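Protein chains in written order, with UniProt numbering: chain R, 1 to 196; chain W, 1 to 608.
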């Protein structure tokens, strides 16, 4: 049952948005729902008492600045791609990737700082207040790794001259996702600052 | 996790290019790792039917125990082995049976099997698309579901049994492996399986929504969509918003079980020994779980709404009554489904004021539900009804939805819930309104779209027997359950003969069990009909039901790409049945107004 004459539709989609871009936004919505669940659980649980208060690791502020810088680099790379400035595209992506790694290393040392202050993820001395911090940063970190994979794939594409003003989709999606991850961390950081 | 599919984008970059360089597909590409939405739909259907029989079989076993509590079940030893001790069912295995029955039916049959089958099959065909937005993601969705199914199926054969803490897996019971056998490795596998299941559902849902929004054919505006597509659209949105929350809840539960955290655990003594966990709250889990759990019941029932609306309009030979009201009521139900979750938790010690807020919101759902029921009945009213098997199941659905919905109004009251909570009244309510009703919606869909799926017809006589046996059995099972539920008979109890109060219900329980066994037996008629008709059924014509929607404009067995030539353009809504002045009693969506001048309404004259 193979159709012989299958024509492709080159007409624009009924919404005017590329389907993959649309899918990415839907995926972002589902990630938002996940963190909405975590943070609302955090608030509900905190209201009930028996909640250990402790200082947030100081490095989190540095990490926040790093991830904002990485978003700037990503945006620079995207604008360069639009202008066909191919070497800046590569530099921007490499910078984004490096800053992303730096962020993850920073988060890791934030965990180390927590352990030094006897705030553990699990075990007999742990309290949900500490465990929640590990979960929020950990799940965000996991998503950031998926973002890094995406940046890496875009970078490989750019090395093969596949990222330019006529072929923007990949870097566009990558930029949207990366800004989202940065924004998500910003939200989490402000959330933790307020509710601490 | 919801985001891991990012890396696959390069592969699916131009999903639609694949049609122009067609190579001969081998067996593996065509039937196993197919990216064709129709094949994936059938894969979901077969998997759903398989799970439905497993889930039904489990319920027959626990109905045997409930119906004949004093009997010895040595004859079950060949199947259940060590779970039968001296002819008696192991009590902890009983708990595992009800848990797995619930899990399998709610998630694997009525979520994956129902929307997996019909969203995949009908969305591209009815909106006029060659395939889903991303065939690869679609394939991935099925195979992740398959992996999740394998893990869940495997857990049935563990020595400690599958999960046993109820399908809602409330901690602390589910969080402590030492609590019961069913919280040991069976529970771990349950959580892994469900995590994969959620990933699969999210991939599928993203695809459904993207396809409906982006890939509609020329002329197919949102208000010309068949109600099936609208229903599947809302289903996918509900899933996209609620499943991530279940994922969060499950993740925290996994941490509590395996990493020593205390999100849900506090001040627990097991065998006189205190656990070190402090600071957790088991109620937190219930909030997170029911934030998914309540939309989930609409994820189950909304596709059935859509299928039934379509089948009722087609077989009444009348336009659906209140097309926009149908969409509006589905929007209403979808929004309300997110703000009623705590009506499952009235007796958890919640603030009574909060309870009354949730009660109020819950009772409002009766309004859009009643709108839908009214519209179905009004569509049937004085219609030129053809009692095809699909139509019988559609009418049966409306009947069950009314019967089950009425008790919802009773259960939604926080005061009445104190008496009725966790009794068989609840069991009867949700089995009628979402269990049996969604099954009827599924049967209605299978009987109606079988010719499009397999190019052959199901046997109508056997179908009618199947319908009447199932319909009668469902009422015989669940009507008496209301009665014993009002009397306070609690659900999930393995043995009730020790209670003076409940002893008088022995005969009624036996009766329910007999009806359940007959109802289960009737499903084998369907299975036979289904398998036989795939190979030997009467050959179908292109449009056997004289239906208006686009899927019937494809060849009898559409290939990859659905339409051999150009995709048809849509000119009208899908419900032009029995239009006055038209030569036939149906006008398909792809017939322009210029071709139907005799039947055009005054306001359609401009479109000629």
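Using N, Cα and C, we set each Cβ at its ideal position, and we do this for glycine too. Predicted, not measured: the structure shown is a model, and the values here were computed from it.
On the criterion of 16 or more Cβ atoms from any shown chain inside 10 Å, does residue 584 (chain W) qualify as buried, or is it exposed? exposed
Whole-angstrom Cβ separation of residue 398 (chain W) and residue 365 (chain W), contact assumed at under 8 Å? No, residue 398 (chain W) and residue 365 (chain W) are not in contact; Cβ-Cβ is about 17 Å, not under 8 Å.
Check whether the region 120-135 of chain R touches the region 276-284 of chain W, taking contact to mean three or more Cβ pairs, one atom from each stretch, closer than 8 Å. yes
Closest Cβ-Cβ distance between residue 41 (chain R) and chain W: below 8 Å? yes
Residue 572 (chain W): buried (16+ other C-beta within 10 angstroms of its C-beta) or exposed? buried
Residues near residue 615 (chain W) by beta carbon distance below 7 Å, same chain, minus five either side: This structure cannot speak to residue 615 (chain W), because chain W is shown only from 1 to 608.
For residue 490 (chain W), write down the residues that DSSP places opposite it in a beta bridge. W:423
For residue 480 (chain W), count the other beta carbons within 10 Å of its own beta carbon; 16 or more makes it buried, fewer makes it exposed. Which is it? buried
Please confirm whether residue 2 (chain W) has its beta-carbon closer than 8 Å to some beta-carbon of chain R. With a pLDDT of 39 at residue 2 (chain W), under the threshold of 50, the modelled position of this residue cannot be trusted, and the question is left open.
Rounded C-alpha distance that separates residue 116 (chain W) from residue 153 (chain W): 19 Å
Quickly, what does DSSP pair residue 269 (chain W) with across the bridge? List them, please. W:274
Proximal residues of chain R, C-beta to C-beta of residue 610 (chain W) below 8 Å: The displayed coordinates of chain W run from 1 to 608. Any statement about residue 610 (chain W) would go beyond what the structure contains.
8 Å Cβ cutoff met for residue 175 (chain W) and residue 237 (chain W): no
Cβ-based neighbour list, residue 181 (chain W), same chain, cut-off 6 Å, excluding 5 preceding and 5 following: 92, 160, 161
Against chain R, with Cβ distances strictly below 8 Å, would residue 213 (chain W) count as a contact? yes
If you drop the 5 nearest sequence neighbours on each side, which residues of the same chain put their C-beta closer than 7 Å to that of residue 358 (chain W)? 340, 342, 343
Any residues in the region 45-74 of chain R with a beta carbon nearer than 8 Å to a beta carbon of chain W? Which ones, in chain order? 45, 48, 50, 51, 52
If we require 4 or more residues per run, which alpha helix (DSSP H) segments fall completely within the region 129-213 of chain W? 135-155
Roughly how many angstroms separate the alpha carbons of residue 328 (chain W) and residue 371 (chain W), rounded to a whole number? 9 Å
Identify which residue in W:347, W:322, W:304 has its Cα closest to the Cα of residue 287 (chain W). W:347
Tell me the DSSP secondary structure of residue 542 (chain W) in three-state form. coil
With distances taken Cα to Cα, identify the nearest neighbour of residue 389 (chain W) among W:410, W:469, W:381. W:469
Which residues, in order along the region 113-131 of chain R, keep a beta-carbon less than 7 Å from a beta-carbon of chain W? 121, 122, 123, 124, 126, 127, 128, 131
Can you list, in chain order, the residues of its chain with a C-beta nearer than 7 Å to that of residue 562 (chain W)? Leave out the 5 residues immediately preceding and following it. 124, 125, 130, 554
Member of W:360, W:100, W:425, W:538 whose CA lies at the smallest distance from the CA of residue 414 (chain W): W:360
If I follow the unbroken alpha helix (DSSP H) through residue 204 (chain R), where does it start and stop? This structure cannot settle anything about residue 204 (chain R), because the visible part of chain R is limited to 1 through 196.
Rounded to whole angstroms, what is the Cα-Cα separation between residue 55 (chain W) and residue 104 (chain W)? 6 Å
Residue 193 (chain W) to residue 205 (chain W) span [Cα, whole Å]: 18 Å
Is residue 177 (chain W) close to chain R, meaning its C-beta is less than 8 Å from at least one C-beta of that chain? no
Residue 454 (chain W) and residue 534 (chain W): beta carbons closer than 8 Å? yes
Give me the residue from W:99, W:70, W:87 with the minimum Cα distance to residue 78 (chain W). W:87
Tell me whether the beta-carbon of residue 144 (chain R) lies closer than 8 Å to the beta-carbon of residue 103 (chain R). yes
Should the region 128-146 of chain W be called in touch with the region 207-220 of chain W, which here means at least 3 C-beta pairs below 8 Å? yes
What's the call for residue 235 (chain W), buried or exposed, on a 16-neighbour Cβ count within 10 Å? buried
In three-state DSSP terms, what is residue 21 (chain W)? With a pLDDT of 46 at residue 21 (chain W), under the threshold of 50, the predicted position of this residue should be treated as unreliable, though the coordinate-derived value follows. Of the three classes helix, strand and coil, the one that applies to residue 21 (chain W) here is coil, per DSSP.
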